[in-house]
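Engineer:
Number of protein chains: 4
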Amino acid sequence: MKSKKVAIVGASGYSGEILVQLLLNHPHAELVAVTSRQNAGQTLAQVFPKFASHPKSKSLRFSEPKAEVLAKQADVVFLALPHGVAAEYAIPLLDAGAIVIDLSADFRLKSADIYKEFYAHDHPAPDLLKKSVYGLPEIYREQIKKSLLIASPGCYPTSILLPLIPLLKSGLIKSTGIIADSLSGVSGAGRKAETDYLFCECNESVRPYGVPKHRHLSEIEEQLSLAAKSQVQIQFTPHLIPVNRGILTTLYLAPEKHFSTETEMKSLGEKISACYKKFYGNEPFIRLLEGKNLPDTKNVIGTNICEIAWRLDARTGRLIVMSAEDNLVKGASGQAVQSMNIICGWPETAGLV
Amino acid sequence: MKSKKVAIVGASGYSGEILVQLLLNHPHAELVAVTSRQNAGQTLAQVFPKFASHPKSKSLRFSEPKAEVLAKQADVVFLALPHGVAAEYAIPLLDAGAIVIDLSADFRLKSADIYKEFYAHDHPAPDLLKKSVYGLPEIYREQIKKSLLIASPGCYPTSILLPLIPLLKSGLIKSTGIIADSLSGVSGAGRKAETDYLFCECNESVRPYGVPKHRHLSEIEEQLSLAAKSQVQIQFTPHLIPVNRGILTTLYLAPEKHFSTETEMKSLGEKISACYKKFYGNEPFIRLLEGKNLPDTKNVIGTNICEIAWRLDARTGRLIVMSAEDNLVKGASGQAVQSMNIICGWPETAGLV
Amino acid sequence: MKSKKVAIVGASGYSGEILVQLLLNHPHAELVAVTSRQNAGQTLAQVFPKFASHPKSKSLRFSEPKAEVLAKQADVVFLALPHGVAAEYAIPLLDAGAIVIDLSADFRLKSADIYKEFYAHDHPAPDLLKKSVYGLPEIYREQIKKSLLIASPGCYPTSILLPLIPLLKSGLIKSTGIIADSLSGVSGAGRKAETDYLFCECNESVRPYGVPKHRHLSEIEEQLSLAAKSQVQIQFTPHLIPVNRGILTTLYLAPEKHFSTETEMKSLGEKISACYKKFYGNEPFIRLLEGKNLPDTKNVIGTNICEIAWRLDARTGRLIVMSAEDNLVKGASGQAVQSMNIICGWPETAGLV
Amino acid sequence: MKSKKVAIVGASGYSGEILVQLLLNHPHAELVAVTSRQNAGQTLAQVFPKFASHPKSKSLRFSEPKAEVLAKQADVVFLALPHGVAAEYAIPLLDAGAIVIDLSADFRLKSADIYKEFYAHDHPAPDLLKKSVYGLPEIYREQIKKSLLIASPGCYPTSILLPLIPLLKSGLIKSTGIIADSLSGVSGAGRKAETDYLFCECNESVRPYGVPKHRHLSEIEEQLSLAAKSQVQIQFTPHLIPVNRGILTTLYLAPEKHFSTETEMKSLGEKISACYKKFYGNEPFIRLLEGKNLPDTKNVIGTNICEIAWRLDARTGRLIVMSAEDNLVKGASGQAVQSMNIICGWPETAGLV
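Chains as they are written, first to last, in my numbering: chain A, 2 to 354; chain B, 2 to 354; chain C, 2 to 354; chain D, 2 to 354.
Structure (structure tokens):
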């Protein structure tokens, strides 16, 4: 299988670090460049002592991020940059023929207006919004294959969209009244030196934030609307909990068809089960839980897997769906590598198991 | 102020430990007996090294729990026992004239049938259900004053009922469709030697459990129904998170009156604000958050305070209410002491600040 | 008892926060001023939501730190400032007649030369070094009574000096070859927005730092030398562990008298036990552990207590002494309040139990 | 490369779980049996939901541990059993021609008398003590190649022996007065339902234990004595800290040759550096830290790597050596797999990177 050269722009954050780890050990990708303004000149081993045992860690040095240089070095470039900055790199890289996999929010929305509403500045490259593909492989595998610009989904959106899209596409739930209650580990906030994310501020603490209008709502609702073929608005509440990694999402849903008897509940349950099996039965990175098992972030940490379980509540008539993922892997870097594998024609699980 | 003698039955669990701490330092209560089958004969200092600096810790010894003995020793007896066992002690203690404050679920429900439905055995003393008062002082202060048997509320119920009851009583929200999503620290599971609660099973883990029908639903729904004056059923999902103490609850509610314009939202907001101020403006243990503040368990740990904040979401038309409490204090032992203070005619905050 | 007005300069760090908590609830001290450049103008309730239920929290506002203003407002001023900055405030405050209790390292050393060696700049007020008293009440109670300038000890020094000084003064151990291995919670690093202390950098991590010459060595060795009446040099290794609060120190010591038989060991053990009882038997804030108990930070968190236990090792001929304290209370703010109580003639435990 | 069939006896504990993970993904070993009394009959997926995405997890079932059956199924058998029990399985398995890799302490000592002294019962198979090889590959690689019975080292011993043996063999340090201060994550206590290891008992707690004579001393001292060619006794203090995985050891050592000048220190430093490079410069699983780096457990978690750093202290004349490892990988299961790789003639890093 033909290997490709890859680069990471913004490799010193948490997503960047996981990308480095995955790409150092990828069977077909060759990591040729990592950039970081702050660490330019230092080796991988110096910035990340944990990678020091890898043969490449002492030769590969962080460089200043320069699009023109990167375009010459690499076939595939991952952008792990803040919103708004990523677009600046994507344009010249695409022009120079590179495949761009962007982990920021810059190309996730189809509408530049909604981008402005949620990110409070004009979109830096509205024309590219038509070209980008939302990098959720389980939903957009065919489009990803043919794309040169992947907008890799956010961590919260992944944990919400993967369990919801099959139900909406199958018409099993109403597209109104959806509630997503999410719990995220602290790495979701990035490696930023802010008081709020100090150990002593997070340990022995649980707190909601960004209520009621978190930025990720924009891409969640756009994707749900596409699945439901109607405008969807949801309620979304993120909470910060004291773990390094992991997102647990609990979804409160109204089945399209009312159920009250045991028979009706059983019948609906079979439909839900069949729906998930149809969509995800063969997906290597979705784990449909069976029996009494419920999702637990500790069972997915370090993997590219999203766990999904559901329960019908005969008392309230609701469907409760729960998911767990590693916010830095399936919720960020692992999923980005999965998209790269698809684009490059490699096995989708290459470097991810 | 006249002091009283108090005893704790089942003093070696987590709630028991907090009761010991609060009562050792209470200005009017004198702790005269602590019981524990397992630790009988040992001093407080031996069982709880952390209390070893208290003058009483070397003289006060754990004894076998015997109702007749306790009735002679103490004016007030706290029962920190498992469900089903508490009732066995309450009957003889009440007969002997003691005030009983029960931290178990045994006397929280008015209906023996619902007790059986949720706890899977016949209620051990159905006659007492009429005599007990649900020990939520902010709601039942007057009844507590005159009662001899307090059923101190559970930790989840406290975090859900305190924010909800004012809204239901004021008719500001619909009594249907209520969703309570709760996150609890591990001490909520008690000091039980079970694999599920080992450090390595809880640390770096987040997980839902008891979905969709947790036992606490029974008392939550009974109390909400009383407040709403109609039958209320809610959706309740507890999650286990890696902190020692604390519960964070997020409530998803439908305002009785639809709002869509800015003006309507402002007007509704003022009503909600006024409602909470009316009910809790003078409550020493409710903290209504203002401005941008949202509840954070770290701000209530070790206190008897419940924090409450709310947000209206113009996009979805919902009201989001969030609360935080220390599950072992306001959610258990602190609240029980608060009830004792009321019954005994002491300042309600005695020993709690 | 006559009350006094107190102020805290630098009240927004972790030590400052504990000082606020202790002084808000102190029976004889009245907190009249809190300063913080960053938070000037905001109320206590705004900066620390956890204090919002205290009646004073909405009236007391943070101000800019100005020595002349503080000198008029307060009888006692606590300085919770960085090294080097504290001295600037101490001079005018002392001139204006205030009692100054400094939590920084500025006045802990008797020698301006050693200060320069360890802190890398000239001492800002070398004359005051003669006037300051090292605020370890168990050792310097009489001197503290008469002092106007207290140099409150560091967190590591407290955990090392309290167990060592009695043994050195009694001549039970050699003053050479002492090793102190300490483990500290992350609050010891202060509320600084530095990447190293982010939740994800500390959680699931244990690491030594400052090896082999940590700044606290200077005051530790000066105090040990005074106790031993000879020049003492020790080995000290601090480690960072993922807890909010607490220091656990393990000391490796050589008994002055060799022991090899059971009888010799028993005899030496009795001397050690008697030594500690003589020094600390009546101390309210020292807990000498008995039987099989070993120190555990969770038993001292939130208290002003230092736990001490020891073991003789017949195999190696060594004495192992272990101590535990809350770095922010006995290791900082609680101990500072203890000194204030002594100076002001209040019960030494006032506001600390 | 010829593959082999492997079995794990006692696969449901923490070491067992890591063995399962490593062997499921090993390129040359085929996991054919896992045993557990408690879970017999259940699939791997049922007992460990985290492995549910592995193709084998639904076909491989836990069985009752029966030596005769295992001997027929597997070429290599890992024993992850309590001390004393492992020997019962080793005897028949060896008789039947299997390679046995034992993770318990049963075959780590050469002397049955010392075993009895430390483990308080007669050794169950003293004859086998001569045949077993201590499975520390960096030290006993040649012996491991030819052995059929590997006594895989304990977690604390590994973290102490790896940094010490080169120094002792090179005569750079004295063999007397060695102190090892170790900090271990809670998984070291095993998956045992004991109150001491509950989340709330370990979180926000740090404590020493087993002072002064921990069982692991026996194998540590036997191995050090072999390296030093003289009887070595050390001081060893383990501490429990709130992390899932990881051991950090700090060693206090006396260089054989006194140093006091800069030149002497530099010269000694070069010898230490050369010594470690000679022993470990080409070892894939030892990382000699350079520059300012100190060991940090977070940099080795999930890997088979042991990090080592050292500092000379000119003030005290001591050498401080620090090491970090994952107690479940290099300290247990990873190291056991490393030994298997050596015995089977596979690349030593197979399945470990």
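Glycine included, each C-beta is placed from N, C-alpha and C at the ideal position. Quantities reported herein were computed from a predicted structural model and do not represent experimental measurements.
Within 10 angstroms of its Cβ, does Met2 of chain D collect 16 or more other Cβ (buried), or is it exposed?
Structural biologist: Exposed: under 16 other Cβ atoms inside 10 Å.
Engineer: Mapping the DSSP letters down to three states, classify Ala325 of chain B as helix, strand or coil.
Structural biologist: In this structure, Ala325 of chain B counts as strand in the three-state DSSP scheme.
Engineer: Cβ atoms of Pro158 of chain C and Ile221 of chain C: under 8 Å apart, would you say?
Structural biologist: In this structure, Pro158 of chain C lies closer than 8 Å to Ile221 of chain C by Cβ.
Engineer: Skipping 5 residues on each side, what residues in its chain have a beta carbon closer than 6 Å to that of Val207 of chain C?
Structural biologist: Cβ neighbours of Val207 of chain C beyond the five flanking positions: Ile242.
Engineer: When you compare the CB positions of Leu165 of chain A and Leu252 of chain A, do they come within less than 8 Å of one another, or not?
Structural biologist: Yes. Within cutoff.
Engineer: Give the DSSP-derived three-state secondary structure of Lys267 of chain C in the structure shown.
Structural biologist: Correct three-state label for Lys267 of chain C: helix.
Engineer: Go to Ala229 of chain B, then tell me how far its alpha helix (DSSP H) extends in each direction, as first and last residue.
Structural biologist: Residues Leu218 to Ala229.
Engineer: If you measure beta-carbon to beta-carbon, which residues of the stretch 30-57 of chain A are closer than 7 Å to chain D?
Structural biologist: Of all residues in the stretch 30-57 of chain A, Pro50, Lys51, Ala53 and Ser54 have a Cβ within less than 7 Å of some Cβ in chain D.
Engineer: Using a beta-carbon distance cut-off of less than 7 Å, what residues from the stretch 175-204 of chain C approach chain A?
Structural biologist: Cβ contacts with chain A come from Val187, Ser188, Arg192, Ala194, Glu195, Thr196, Tyr198, Leu199, Phe200, Cys201, Cys203 and Asn204.
Engineer: Just how far apart, CA to CA, sit His84 of chain A and Ser105 of chain A?
Structural biologist: Approximately 5 Å, taken between the alpha carbons.
Engineer: What would DSSP say about Met175 of chain D, mapped onto helix, strand or coil?
Structural biologist: Correcting the residue identity first, residue 175 of chain D is Lys in this sequence and not Met. Lys175 of chain D falls in the coil class under three-state DSSP.
Engineer: Look up Ile100 of chain B in the DSSP assignment and say whether it is helix, strand or coil.
Structural biologist: Reduced to three states, the DSSP call for Ile100 of chain B is strand.
Engineer: In three-state DSSP terms, what is Ile313 of chain C?
Structural biologist: For the sequence presented, residue 313 of chain C should be read as Leu rather than Ile. Residue state, collapsed to three classes: strand.
Engineer: Which chain D residues sit within Cβ distance under 9 Å of Asn283 of chain A?
Structural biologist: The contacting residues do not exist; Asn283 of chain A stays about 12 Å from chain D at best.
Engineer: Under the assumption that Leu169 of chain D contacts Ser176 of chain D (Cβ atoms under 8 Å), give the Cβ distance between them as a whole number of angstroms.
Structural biologist: 6 Å between Cβ atoms; contact.
Engineer: Would a check of beta-carbon distances place Lys293 of chain C closer than 8 Å to chain D?
Structural biologist: No, because no Cβ of chain D sits closer than 8 Å to the Cβ of Lys293 of chain C.
Engineer: Identify whether Ser188 of chain C lies in helix, strand or coil by the three-state DSSP scheme.
Structural biologist: It is helical.
Engineer: Please classify Glu124 of chain D as buried or exposed, where buried requires at least 16 other C-beta atoms within 10 Å of its C-beta.
Structural biologist: Sequence inspection shows His at residue 124 of chain D; the Glu mentioned does not correspond to that position. By the neighbour-count rule (16 or more Cβ atoms within 10 Å), His124 of chain D is buried.
Engineer: What does Asn300 of chain C reach in chain B if we use C-beta pairs closer than 7 Å?
Structural biologist: Result: Pro50 and Lys51.
Engineer: Note the first and the last residue of the continuous alpha helix (DSSP H) segment covering Pro138 of chain B.
Structural biologist: Its alpha helix (DSSP H) spans residues Pro138 to Lys146.
Engineer: At a CB-CB cut-off below 9 Å, which residues of chain A make contact with Asn245 of chain C?
Structural biologist: The answer, in chain order, is Phe200, Cys201, Asn204 and Glu205.
Engineer: Can you pull the chain B neighbours of Gly303 of chain C, defined as C-beta to C-beta under 9 Å?
Structural biologist: Within chain B, the residues near Gly303 of chain C are Gly303.
Engineer: Taking Glu257 of chain C as the reference, which of C:Glu263, C:Leu295 and C:Leu320 has the closest Cα?
Structural biologist: Of C:Glu263, C:Leu295 and C:Leu320, the residue nearest in Cα terms is C:Leu320.
Engineer: Output the boundary residues of the alpha helix (DSSP H) element that contains Ile302 of chain D.
Structural biologist: No alpha helix (DSSP H) contains Ile302 of chain D, which DSSP labels as neither H nor E.
Engineer: Tell me, to the nearest whole angstrom, how far the beta carbon of Val330 of chain B is from that of Gly352 of chain B; I am working on the premise that it is less than 8 Å.
Structural biologist: Contact flag wrong, Cβ pair sits at about 11 Å.
Engineer: Could you work out which residues of chain D lie near Leu249 of chain C, taking near to mean beta carbons separated by less than 8 Å?
Structural biologist: The contacting residues are Val207, Arg208, Pro209 and His240.
Engineer: So what's Gln39 of chain A in DSSP terms, helix, strand or just coil?
Structural biologist: Reduced to three states, the DSSP call for Gln39 of chain A is coil.
Engineer: Does DSSP put Val70 of chain C in a helix, a strand or coil?
Structural biologist: In this structure, Val70 of chain C counts as helix in the three-state DSSP scheme.
Engineer: What does the alpha-carbon distance come out to for the pair Tyr15 of chain D and Ala72 of chain D?
Structural biologist: Cα to Cα, Tyr15 of chain D sits roughly 24 Å from Ala72 of chain D.
Engineer: Using a Cβ-Cβ cut-off of 6 Å (strictly less than) and excluding sequence neighbours within five positions of Leu360 of chain C, which residues of its own chain qualify?
Structural biologist: There is simply no residue 360 of chain C to check, as chain C begins at 2 and stops at 354 in what is shown.
Engineer: State yes or no: is the beta carbon of Arg316 of chain C nearer than 8 Å to at least one beta carbon in chain B?
Structural biologist: Chain B contact via Cβ: absent.
Engineer: I'd like to check one pair, Gln336 of chain B with Ser153 of chain B: are the Cβ atoms closer than 8 Å?
Structural biologist: The answer is yes: Cβ separation under 8 Å.
Engineer: May I have the straight-line CA-CA distance separating Asp182 of chain A from Ile19 of chain A, to the nearest angstrom?
Structural biologist: Their backbone Cα atoms lie some 26 Å apart in a straight line.
Engineer: Of the choices B:Met266, B:Ile248 and B:Ala99, whose alpha-carbon is the least far from that of Asp297 of chain B?
Structural biologist: Of the listed residues, the one whose Cα sits closest to Asp297 of chain B is B:Ile248.
Engineer: Taking DSSP as the reference, what is the three-state secondary structure of Val354 of chain C?
Structural biologist: Of the three classes helix, strand and coil, the one that applies to Val354 of chain C here is coil, per DSSP.
Engineer: When the cut-off is 8 Å and only beta carbons count, does Tyr15 of chain A lie next to chain C?
Structural biologist: Yes, Tyr15 of chain A lies at the interface with chain C (some Cβ there is under 8 Å from its Cβ).
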